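Heads up, the thing below is written out as structure tokens.
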Amino acid sequence: MRHRKVGHHLKRSSGHRRALYRNLMTELFRHERLQTTEAKARAIRPLAEKLVTKARKARAERLIALAKQRDVTRLSAWFNAKRAEQLIQLADQGDDKALEQMAQQLALHARRQVLATLTDKKVAHKLVDEIAPRFEERPGGYTRLFKLGMRKGDAAEMAILELVE
7 MRHRKVGHHL KRSSGHRRAL YRNLMTELFR HERLQTTEAK ARAIRPLAEK
57 LVTKARKARA ERLIALAKQR DVTRLSAWFN AKRAEQLIQL ADQGDDKALE
107 QMAQQLALHA RRQVLATLTD KKVAHKLVDE IAPRFEERPG GYTRLFKLGM
157 RKGDAAEMAI LELVE
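This is the structure in structure tokens:
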């Protein structure tokens, strides 16, 4: 029985599965669409969505703007409530240097998390600098999945996973 066994295993060991997910996500963000089996697409979709959210946090100027707007809901969704309050307090005090320093640290941490997941630095920078700003006002649902039907050779269900415009 599979009670409390969460996630897709794809009949692979954990190291092989992790490498597969990293490679698929890297190619998804490199080409902004990916044709693969439906099972693999369903497995990487939530991981890719979370990675886009991390990449959205990796822009210090956006964090400063949210702190100055006192947007507690968005900041506390990205960070814990204590961090969000610290950012807003620094913005209220007018201490721009400390606010910028804290925002830079948080953005750098998020950028390093993205770099740790993807296998190519250029793709990680593309995700942070080009792709994530496009989804700035979108609350989620950054990808879409199209079913293509069966592959000829082995009748595997194929799908296209792409980033929403």
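Take the sequence shown: its letter number 136 is residue 142 in my numbering, and every next letter is one higher.
Using N, Cα and C, we set each Cβ at its ideal position, and we do this for glycine too.
On a predicted model such as this, the values are computed, not experimentally measured, just so you know.
- Looking at the DSSP output, G155 bridges to M164.
- Per the C-alpha coordinates, the member of E168, D160, H22 and A64 positioned closest to L114 is A64.
- For R150 and Q99, the gap between their C-alpha atoms comes out near 42 Å.
- Annotation for R23: no beta strand (DSSP E) segment contains it, though the alpha helix (DSSP H) segment containing it runs S20 to H37.
- Around the beta-carbon of E142, fewer than 16 other beta-carbon atoms lie within 10 Å, marking it exposed.
- A direct Cα-to-Cα measurement between D101 and P145 gives close to 30 Å.
- Exclusion of the five residues before and after K74 leaves A97 as the residues of its chain whose Cβ lies within less than 7 Å of its Cβ.
- Relative to the Cα of V58, the nearest Cα in the group R117, D126, K158 and T125 belongs to R117.
- Distances from the alpha-carbon of I70 to those of L34, M108 and A54 put M108 closest.
- If you ignore the 5 residues before and after L53, its C-beta comes within less than 7 Å of the C-beta of Y27 and M31, all in its own chain and listed in chain order.
- Look at T42 here: in three-state DSSP terms it is strand.
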